[in-house]
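Asker:
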Amino acid sequence: MNELLTHEGGQPLFLDDLKQIQDSALGAIALLLIGMTGRNGGYLLNPYEPTIETEGGVTTYSMADNAVIYEGRIIPFVGSEWTNEDGVMYVCVKESEVDIRTFEDGQQRACQKKRDAYLSTDVEGAAWHGMVSTLPCLLELLTRRTGQESEAFDWIELQEGQVTFKNGYHGRLMYSREAPLRLKIDVQTEQKAWNGEFEGDVRHRCAVAVIDDASLLQMLRGMETLDGVISPCTPNGNLLWPGGCKIQIDNDGYICLYVGAQDGFGHYTWGTPGTTGFADVPPCGANDDYATIQATLTI
Numbered sequence: 001m002n003e004l005l006t007h008e009g010g011q012p013l014f015l016d017d018l019k020q021i022q023d024s025a026l027g028a029i030a031l032l033l034i035g036m037t038g039r040n041g042g043y044l045l046n047p048y049e050p051t052i053e054t055e056g057g058v059t060t061y062s063m064a065d066n067a068v069i070y071e072g073r074i075i076p077f078v079g080s081e082w083t084n085e086d087g088v089m090y091v092c093v094k095e096s097e098v099d100i101r102t103f104e105d106g107q108q109r110a111c112q113k114k115r116d117a118y119l120s121t122d123v124e125g126a127a128w129h130g131m132v133s134t135l136p137c138l139l140e141l142l143t144r145r146t147g148q149e150s151e152a153f154d155w156i157e158l159q160e161g162q163v164t165f166k167n168g169y170h171g172r173l174m175y176s177r178e179a180p181l182r183l184k185i186d187v188q189t190e191q192k193a194w195n196g197e198f199e200g201d202v203r204h205r206c207a208v209a210v211i212d213d214a215s216l217l218q219m220l221r222g223m224e225t226l227d228g229v230i231s232p233c234t235p236n237g238n239l240l241w242p243g244g245c246k247i248q249i250d251n252d253g254y255i256c257l258y259v260g261a262q263d264g265f266g267h268y269t270w271g272t273p274g275t276t277g278f279a280d281v282p283p284c285g286a287n288d289d290y291a292t293i294q295a296t297l298t299i
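Taking my numbering, the leading residue of the sequence shown gets 1, the next gets one more, and so forth.
#1: Note the first and the last residue of the continuous alpha helix (DSSP H) segment covering Leu138.
#2: Whole-angstrom Cβ separation of Val68 and Ser215, contact assumed at under 8 Å?
#3: Spatial neighbours of Gly41 within its chain, please: C-beta separation below 6 Å, excluding the five flanking residues on both sides.
#4: Run the CB neighbour count on Val58, radius 10 Å, all protein chains shown included, and call it buried at 16 or more, exposed below.
#5: Quick one: Cα of Leu139 to Cα of Phe265, how far?
#6: Whole-angstrom Cβ separation of Ile255 and Ala286, contact assumed at under 8 Å?
#7: Could you spell out where the alpha helix (DSSP H) holding Gln218 opens and where it closes?
#8: As a quick exercise: from Cys245, Glu8 and Asn2, pick the residue whose alpha carbon is nearest that of Gly27.
#9: Under three-state DSSP, which class holds Thr37?
#10: Identify which residue in Ala193, Arg203, Gly237 and Asn66 has its Cα closest to the Cα of Tyr258.
#11: So, is Cys92 buried or exposed, given that buried needs 16 or more other C-beta atoms within 10 angstroms?
#12: Go ahead and label Lys113 buried or exposed: buried means 16 or more other beta carbons lie within 10 angstroms of its beta carbon, across all protein chains shown.
#13: Determine contact between the stretch 38-53 and the stretch 103-110, defined as no fewer than three beta-carbon pairs at a distance below 8 Å.
#14: Buried or exposed, going by whether 16 or more other CB atoms sit within 10 Å of the CB of Tyr268?
#15: Less than 7 Å between C-beta atoms, sequence neighbours within five positions excluded: which residues of the same chain meet that for Gly10?
#16: From Ile156 to Ser176, what distance separates their C-alpha atoms?
Dropping the structure here:
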């Protein structure tokens with residue numbers, strides 16, 4: 001990296017000298033960040049840790065001030081508050097040329113290139129944007145880069161307001177933002193039968209939970225069980241459904257259990273327990289205190 005030398009005695013100063021001073025500082029920071037994370041940008045300085053409150057069916061998210069790394073630059077942005085009705089929240093970077101000056105040749109030219117970061121549900125006009133809930137942070141990337149991965153960073157647990165459990169299920173749902181995206185399910189239920197009422201939607205009968213967070217839903221929808229077929233287990237470890245089941249997340253965020261059956265043509269299909277052609281297997285065995293489900297889902 002070149003260094004500008006200065007001397008007394010009326011040293012001439014050129015525009016290239018100013019550019020070299022600026023590029024040297026920016027270049028050093030960019031190289032350091034790339035060495036630490038393996039990335040030139042597209043991540044947060046601090047973790048995404050919003051405050052989440054739900055009232056009257058509306059979930060409100062509040063995020064503190066943070067900064068985004070973009071093309072080797074650290075650009076701060078002001079925190080904000082939004083609801084699940086507002087839509088998916090993004091971190092955006094907008095570029096603009098400002099400080100218009102009139103030169104001796106009569107031409108007007110911008111003398112500064114400005115980069116602003118901000119939170120918005122509208123990405124129009126942004127030079128770059130990223131879904132705030134899916135962006136890793138500097139420390140997270142650093143731990144991966146050094147091979148000292150942390151469970152807290154590898155898996156992020158869904159919190160109250162982000163998911164609603166169904167059919168008596170409770171436990172942990174955790175997702176990983178690193179490719180391939182995955183969702184870990186570790187839940188149990190003491191409920192002996194599925195919800196009696198379909199509530200106008202058959203998915204209520206077979207749902208483990210519903211993802212309420214729009215950002216997470218956009219990321220996790222379409223996932224299904226990684227190993228194909230799994231089965232709930234009784235407390236002694238026996239399979240509750242010997243035929244097994246698979247789990248899928250549909251476009252509305254329902255995490256549903258489906259059992260298999262053969263149709264009239266001998267094809268194997270999957271459907272909701274207790275509906276036409278599919279066994280009415282229970283969430284929990286009649287003689288068992290509870291049943292557990294442990295599975296990993298991926299795209």
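C-beta: ideal position from N, C-alpha, C; glycine also.
Answerer: Working from what's here:
#1: Within the sequence shown, the letter at position 138 stands for residue 138. Element bounds for Leu138: Leu138 to Arg145.
#2: Translated into the one-based positions of the sequence shown, residue 68 becomes position 68. Translated into the one-based positions of the sequence shown, residue 215 becomes position 215. Actually they do not touch by this definition, with Cβ atoms about 16 Å apart.
#3: If you number the sequence shown from 1, residue 41 lands on position 41. Ile69, Tyr70 and Glu71, listed in sequence order.
#4: The residue labelled residue 58 in the question sits at position 58 within the sequence shown. That one is exposed.
#5: Numbered from its first residue, the sequence shown carries residue 139 at position 139. Numbered from its first residue, the sequence shown carries residue 265 at position 265. Within the model, the alpha-carbon separation for Leu139 versus Phe265 is close to 54 Å.
#6: Walking along the sequence shown from the start, residue 255 turns up at place 255. Walking along the sequence shown from the start, residue 286 turns up at place 286. Here Ile255 is actually not in contact with Ala286; their C-beta atoms are around 24 Å apart, not less than 8 Å.
#7: Residue 218 sits at position 218 when you count from the first residue of the sequence shown. Here the alpha helix (DSSP H) through Gln218 covers Ala214 to Leu220.
#8: Stepping through the sequence shown from its first residue, residue 27 is reached at position 27. The residue with the shortest Cα to Cα distance from Gly27 is Asn2.
#9: For the purposes of this step, residue 37 is taken as the residue at position 37 of the sequence shown. Helix.
#10: The count along the sequence shown starts at 1 and reaches residue 258 at position 258. The shortest C-alpha separation from Tyr258 is found at Arg203.
#11: Along the sequence shown, read from residue 1 onward, the residue named residue 92 stands at position 92. Counting Cβ neighbours within 10 Å, Cys92 comes out buried, since at least 16 surround it.
#12: Your numbering for residue 113 matches position 113 in the sequence shown. With fewer than 16 other Cβ atoms inside 10 Å of its own Cβ, Lys113 counts as exposed.
#13: Between the stretch 38-53 and the stretch 103-110 there are fewer than three inter-stretch CB-CB distances shorter than 8 Å, so the stretches are not counted as touching.
#14: Within the sequence shown, numbered from 1, the residue matching residue 268 stands at position 268. With fewer than 16 other beta carbons inside 10 angstroms of its own, Tyr268 counts as exposed.
#15: In the sequence shown, counting from the first residue as 1, residue 10 sits at position 10. Answer for Gly10: no residue qualifies.
#16: Looking up residue 156 in the sequence shown gives position 156. Looking up residue 176 in the sequence shown gives position 176. Going by the C-alpha atoms only, they are around 6 Å apart.
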